[in-house]
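Trainee:
Protein chains: 2
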Amino acid sequence: MGYRIDCLQYANWSEKIFRQMREGGVDAVHVTIAYHENFRETVLNIEKWNRWFEQFPDLIFHGEWASDVVRARDTGRTAIFFGFQNPSPIEDDIGLVEVLHKLGARFMQLSYNNQSLLATGCYEAEDPGITRMGRQVIKEMNRVGMVVDMSHSADRSTIEAADISERPIAITHANLHSWQPALRNKRDDVVRAVVDNGGMMGFSLYPHHLQGKSDCTIDSFCQMIATAADRFGVQHFGIGSDLCQDQPDSVVEWMRVGRWTKEIDYGEGSATAPGFPPQPDWFRDNRDFDNIEHGLRRAGFNDTEVAGLMGDNWLRFFEQNFTPADTRPDT
Amino acid sequence: MGYRIDCLQYANWSEKIFRQMREGGVDAVHVTIAYHENFRETVLNIEKWNRWFEQFPDLIFHGEWASDVVRARDTGRTAIFFGFQNPSPIEDDIGLVEVLHKLGARFMQLSYNNQSLLATGCYEAEDPGITRMGRQVIKEMNRVGMVVDMSHSADRSTIEAADISERPIAITHANLHSWQPALRNKRDDVVRAVVDNGGMMGFSLYPHHLQGKSDCTIDSFCQMIATAADRFGVQHFGIGSDLCQDQPDSVVEWMRVGRWTKEIDYGEGSATAPGFPPQPDWFRDNRDFDNIEHGLRRAGFNDTEVAGLMGDNWLRFFEQNFTPADTRPDT
């Protein structure tokens with residue numbers, strides 16, 4: 094069986110959820126450890142994870158390299174990879190890219206909904222593209238092995254990032270805009286720019302990104318994946334569920350509002366539906382990955398393609414993009 | 094030939110000094126990266142070192158494990174190991190011990206001259222021993238593989254640390270108090286507590302720690318080492334030169350005064366001699382380790398003992414003390 098990787102979750106972590114990862118046969122999860130946190134706050138979040146690693150060594154461990162996915166499978170555990178949904182952890186200090194890579198960060202979004210120091214977010218009215226600092230940080234991320242993630246970025250910034258970056262970039266969690274025209278889903282020219290540069294996209298199970306939202310069917314979801322595979326090549330896709338299990342609604346408010354405004358911003362929600370929407374009944378938590386696998390088979394994918402979509406494509410991407418670009422041959 | 098390790102330097106780092114390390118055949122140096130710095134300031138110092146590693150990859154690289162000393166020899170470079178002379182980098186947050194170990198910190202003094210949150214420094218009038226937080230931090234340092242260094246601590250605190258710690262501790266840079274009764278040199282009962290628990294001491298070439306200060310002879314220094322070896326066993330000793338090459342006198346003032354006082358504190362200096370004292374002419378910089386090796390031979394040490402003192406004893410100590418205590422057998 095292929096490896097099973099979920100390339101984006103932000104749950105209210107607990108032993109229960111770690112056990113569900115094991116029940117679901119999930120070998121690796123890319124977890125968000127910062128939305129709006131500055132460097133010191135991000136380190137506090139790393140400390141929280143270190144305590145969980147110490148507390149539940151039979152369920153989870155800190156994943157740093159692609160080989161840790163294999164080690165997870167071999168030891169019956171789940172490898173946890175760190176990522177940021179915003180560049181706030183590096184503040185205005187490019188030296189923090191290498192420091193945070195050393196601490197395990199493997200994905201960093203260049204912007205989260207708003208304009209950042211590096212790029213534009215998908216909720217801004219104007220997108221002037223990658224900034225001066227953005228170009229420098231992409232170069233540094235390429236050097237150390239931290240993946241540029243443009244999930245919440247605006248179109249022009251995303252296309253420019255894909256072109257500027259000398260290593261493939263990722264959209265860890267989004268769907269096709271042509272299937273569900275959400276602001277966060279990606280138009281074909283954006284997906285094209287990412288995959289043409291060797292990049293990857295993970296399909297999201299967050300209801301606002303689904304056709305019919307919480308009522309979306311598994312077959313509709315898998316048909317969208319089939320469309321994407323036909324259009325761009327199946328090897329460029331995987332899962333990035335965006336699972337926010339057990340989070341109180343105050344957390345989705347923190348994601349949207351951070352400290353940048355004193356007013357409420359409903360993001361993909363609305364005044365009448367401000368909280369987390371309910372998950373579709375075929376993907377409630379980490380135990381439901383079998384449903385996706387079965388759905389993909391029904392949509393016509395063969396064994397190799399299913400294995401690729403469920404994790405092997407991400408594994409190949411991890412292998413190529415987490416290590417420093419210029420590793421000395423003697424090291 | 095044995096490995097050559099200097100277990101404490103704090104120079105005004107430059108390409109010139111890195112080249113001198115190579116000329117002197119120094120395989121590894123434990124460098125101080127914090128005196129009074131808080132966590133964020135320490136990370137800025139790590140960033141500085143990252144730039145040097147990037148700039149001079151043929152001369153130096155970041156040492157993390159004992160095997161890096163071997164790799165340094167094999168690739169004709171010097172492995173740089175990080176350490177702190179004060180626990181200020183962990184602030185009041187025990188979680189930072191693991192974070193900073195991950196970033197490369199391998200030695201941390203529990204106090205520097207003054208009382209700290211963890212232990213008492215050698216300049217305090219009273220030494221109440223290891224604090225409540227100190228006991229917790231020693232346990233955490235033992236767990237992750239960060240060595241307790243008591244070079245600038247007071248006697249009772251040092252003896253207690255040696256006893257409380259479940260892994261050997263170190264005095265990275267000091268000499269015998271019976272040879273030169275400086276406040277920073279160590280009385281026999283302190284050395285005894287350290288070595289009885291498997292610990293190590295590195296001999297200092299800082300003039301205030303030498304008999305006759307800057308006029309000390311190499312033969313007097315090596316005779317002191319012979320005395321220590323007779324008294325405590327040669328396997329417990331190495332070199333920790335305390336070389337502060339090319340530093341302006343403002344730096345020794347920073348070491349002594351930090352931000353804790355508005356008045357001048359002369360430490361081991363005086364109002365008439367406030368700056369760095371001149372090095373003895375037989376140990377001016379990293380090119381002079383041959384002089385020490387020759388002096389040790391004249392003092393009667395055999396080949397194995399000389400190799401041990403010049404670095405192999407530290408290498409053995411590194412092998413035993415830099416990795417986590419409870420490494421899972423499957424990792």
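Those protein sequence lines, which keep their order, are chains A and B. Reading the first sequence from the start, the letters are residues 94 to 424 in this note's numbering. Reading the second sequence from the start, the letters are residues 94 to 424 in this note's numbering. A virtual CB, placed ideally from N, CA and C, is assigned to each residue, including glycine.
1. Which same chain residues, not among the five before or five after B:Glu130, have their C-beta less than 7 angstroms away from its C-beta?
2. Going along chain A, which residues have a C-beta under 8 angstroms from B:Gly227?
3. Are B:Asn379 and B:Gly117 closer than 7 angstroms when you measure CB to CB?
4. Using a threshold of 7 angstroms, state whether the C-beta atoms of A:Val81 and A:Ala255 are closer than that.
5. Output, in sequence order along the chain, the residues in the segment 186-217 of chain A whose CB is closer than 7 angstroms to any CB in chain B.
6. DSSP three-state call for B:Cys100: helix, strand or coil?
7. Report the rounded CA-to-CA distance for A:Gly360 versus A:Arg349, giving the unit in angstroms.
8. Does the segment 227-243 of chain A come close enough to the segment 409-420 of chain A to have 3 or more Cβ pairs within less than 8 angstroms?
9. Taking Cβ-Cβ distances below 9 angstroms as the criterion, which residues of the segment 130-152 of chain B are in contact with chain A?
10. From the DSSP secondary-structure annotation, give me the bridge partner or partners of B:Ile153.
11. Restricting to runs no shorter than 3 residues, where is the beta strand (DSSP E) found entirely within the segment 180-244 of chain B?
12. For A:Pro300, which residues from the same chain have a beta carbon less than 8 angstroms from its beta carbon, with the 5 sequence-adjacent residues on both sides left out?
13. Tell me which residues share the same chain as B:Cys315 and place their Cβ nearer than 6 angstroms to its Cβ, disregarding the 5 neighbours each side in the sequence.
14. Which class does A:Lys306 belong to by DSSP, given the choice of helix, strand or coil?
15. Would you say B:Pro422 reaches chain A, if we count a Cβ-Cβ gap shorter than 7 angstroms as a contact?
16. A:Ser107 by DSSP, collapsed to three states: which one?
17. Starting from B:Ile126, trace the beta strand (DSSP E) both ways and give me its first and last residue.
18. Going by beta-carbon coordinates alone, are A:Thr168 and A:Val119 separated by less than 7 angstroms?
19. Give the secondary structure of B:Ser160 by DSSP, where H, G and I count as helix, E and B as strand, and everything else as coil.
20. Going by CA-CA distance only, name the one from B:Gly326, B:Ala212, B:Leu276 that's closest to B:Asn290.
21. Hey, out of A:Lys195, A:Arg166, A:Glu356, whose CA is closest to A:Leu408's CA?
22. Take A:Arg260 as the anchor and find which of A:Lys232, A:Phe177, A:Arg277, A:Ala247 has the nearest alpha-carbon.
23. What does the Cβ neighbour count give for A:Thr251, buried or exposed, with the cut at 16 atoms within 10 Å?
24. If you compare alpha carbons, which of B:Phe376, B:Glu346, B:Asp358, B:Gly331 is closest to B:Gln338?
25. With a threshold of 6 angstroms, establish whether the CB of B:Ile264 neighbours any heavy atom of the ligand GTP.
26. Per DSSP, A:Gly331 forms a beta bridge with which residues?
27. Considering Cα atoms alone, identify which of A:Asp220, A:Glu346, A:Ala104, A:His194 is closest to A:Val241.
28. CB A:Ile257 to CB A:Met294, shorter than 7 angstroms?
29. So within the segment 359-383 of chain A, which uninterrupted beta strand (DSSP E) runs reach at least 3 residues, ignoring any that extend past its ends?
30. B:Val122 and B:Gln148: beta carbons closer than 7 angstroms?
31. Would you identify the three-state DSSP class for A:Ser258, choosing helix, strand or coil?
32. Can you have a look at A:Ile110 and say buried or exposed, based on whether 16 or more other CB atoms are within 10 angstroms of its CB?
33. Drop a sphere of 10 angstroms on the beta-carbon of A:Lys279, count the other beta-carbons inside from all chains shown, and report buried for 16 or more, exposed for fewer.
34. Determine, using beta carbons only, whether A:Gly197 and A:Glu157 come nearer to each other than 7 angstroms.
35. By the DSSP assignment, the alpha helix (DSSP H) with A:Lys141 in it spans what residues?
Mentor: So, from the listed chains and residues:
1. Here the question's residue 130 of chain B lines up with position 37 in the second sequence. Cβ contact annotation for B:Glu130 (same chain, cutoff 7 angstroms, sequence separation greater than five): Asn138, Ser181, Pro182, in chain order.
2. Here residue 227 of chain B corresponds to residue number 134 of the second sequence, with the count starting at 1. Ordered by position in chain A, no residue passes the 8 angstroms Cβ test against B:Gly227, which lies about 19 angstroms from the chain.
3. Translated into the one-based positions of the second sequence, residue 379 of chain B becomes position 286. Translated into the one-based positions of the second sequence, residue 117 of chain B becomes position 24. Judged by beta-carbon spacing, B:Gly117 lies within the 7 angstroms limit of B:Asn379, meaning their Cβ atoms are closer than that value.
4. The first residue shown for chain A is 94 and the last is 424, placing residue 81 of chain A beyond what the model contains.
5. Within the segment 186-217 of chain A, the residues whose Cβ lies closer than 7 angstroms to some Cβ of chain B are Gly188, Glu191, Val192, Lys195, Leu196, listed in chain order.
6. As a working mapping, residue 100 of chain B is identified with position 7 in the second sequence. B:Cys100: strand per DSSP, three-state reduction.
7. For the purposes of this step, residue 360 of chain A is taken as residue 267 along the first sequence, with counting starting at 1. For the purposes of this step, residue 349 of chain A is taken as residue 256 along the first sequence, with counting starting at 1. A:Gly360 and A:Arg349 have their C-alpha atoms some 6 angstroms from each other.
8. Yes: at least three Cβ pairs fall under 8 angstroms.
9. Against chain A - using a Cβ distance shorter than 9 angstroms - the residues of the segment 130-152 of chain B are Phe132, Arg133, Val136, Leu137, Ile139, Glu140, Lys141, Asn143, Arg144, Glu147, Pro150.
10. Here residue 153 of chain B refers to the residue found at position 60 of the second sequence. In the DSSP secondary-structure assignment, B:Ile153 is bridged to B:Thr171.
11. Counting whole runs of 3 or more residues, the segment 180-244 of chain B contains the beta strand (DSSP E) stretches 198-202, 240-242.
12. Within the first sequence, the letter at position 207 stands for residue 300 of chain A. Result list for A:Pro300: Lys306, Ser307, Cys309, Pro370, Pro371, Gln372, Pro373, in chain order.
13. Here residue 315 of chain B refers to the residue found at position 222 of the second sequence. Closer than 6 angstroms at the Cβ level, and outside the excluded window around B:Cys315, lie Gly388, Leu389, Ala392.
14. Locating residue 306 of chain A in the first sequence gives position 213, counting from the first residue. Here A:Lys306 carries a helix assignment [DSSP, helix/strand/coil].
15. As a position in the second sequence, residue 422 of chain B is number 329, starting the count at 1. Confidence is the limiting factor: at B:Pro422 the pLDDT is only 47, short of 50, which leaves the residue's position unreliable, though a coordinate-based value still follows. Cβ-Cβ to chain A under 7 angstroms: no for B:Pro422.
16. Here residue 107 of chain A is taken as the residue at index 14 of the first sequence, counted from 1. Correct three-state label for A:Ser107: coil.
17. Position 33 of the second sequence holds residue 126 of chain B. Where B:Ile126 is concerned, the enclosing beta strand (DSSP E) starts and stops at 121-127.
18. The residue you call residue 168 of chain A lines up with position 75 of the first sequence. The residue you call residue 119 of chain A lines up with position 26 of the first sequence. No, the pair does not count as a contact, with Cβ atoms beyond the cut-off.
19. Locating residue 160 of chain B in the second sequence gives position 67, counting from the first residue. If DSSP states are grouped into helix, strand and coil, B:Ser160 belongs with the helices.
20. Within the second sequence, numbered from 1, the residue matching residue 290 of chain B stands at position 197. Taking the Cα of B:Asn290 as reference, the smallest distance to any Cα among B:Gly326, B:Ala212, B:Leu276 is reached at B:Gly326.
21. As a first step, residue 408 of chain A is located in the first sequence; it is residue number 315 there, counting from the start. For the residues A:Lys195, A:Arg166, A:Glu356, the minimum Cα distance to A:Leu408 belongs to A:Arg166.
22. Working through the first sequence from its first residue, we reach residue 260 of chain A at position 167. For A:Arg260, the closest C-alpha among the options A:Lys232, A:Phe177, A:Arg277, A:Ala247 is that of A:Lys232.
23. Walking along the first sequence from the start, residue 251 of chain A turns up at place 158. Buried.
24. Mapped onto the second sequence, residue 338 of chain B falls at position 245. Checking every option, the nearest Cα to that of B:Gln338 belongs to B:Phe376.
25. Ligands in the displayed structure: none, and consequently the ligand GTP is not present.
26. Looking up residue 331 of chain A in the first sequence gives position 238. DSSP output for A:Gly331 lists A:Gly295 as bridge partner(s).
27. Taking the first residue of the first sequence as 1, we reach residue 241 of chain A at position 148. Taking only the C-alpha atoms, the option nearest A:Val241 is A:His194.
28. The sequence position of residue 257 of chain A within the first sequence is 164, counting from 1. The sequence position of residue 294 of chain A within the first sequence is 201, counting from 1. Cβ distance not < 7 angstroms, so A:Ile257 and A:Met294 don't count as in contact.
29. When DSSP assignments are scanned along the segment 359-383 of chain A, no uninterrupted stretch of beta strand (DSSP E) that is 3 or more residues long falls wholly within it.
30. For this step, residue 122 of chain B is matched to residue 29 along the second sequence. For this step, residue 148 of chain B is matched to residue 55 along the second sequence. Not a contact, by the Cβ cut-off of 7 angstroms.
31. Locating residue 258 of chain A in the first sequence gives position 165, counting from the first residue. A:Ser258 falls in the coil class under three-state DSSP.
32. Working through the first sequence from its first residue, we reach residue 110 of chain A at position 17. A:Ile110 comes out buried.
33. Mapped onto the first sequence, residue 279 of chain A falls at position 186. In this structure A:Lys279 is buried. Its beta-carbon is surrounded by 16 or more other beta-carbon atoms within 10 angstroms.
34. For the purposes of this step, residue 197 of chain A is taken as the residue at position 104 of the first sequence. For the purposes of this step, residue 157 of chain A is taken as the residue at position 64 of the first sequence. Taking 7 angstroms as the Cβ cut-off, A:Gly197 and A:Glu157 qualify as a contacting pair.
35. Your numbering for residue 141 of chain A matches position 48 in the first sequence. Its alpha helix (DSSP H) spans residues 132-148.
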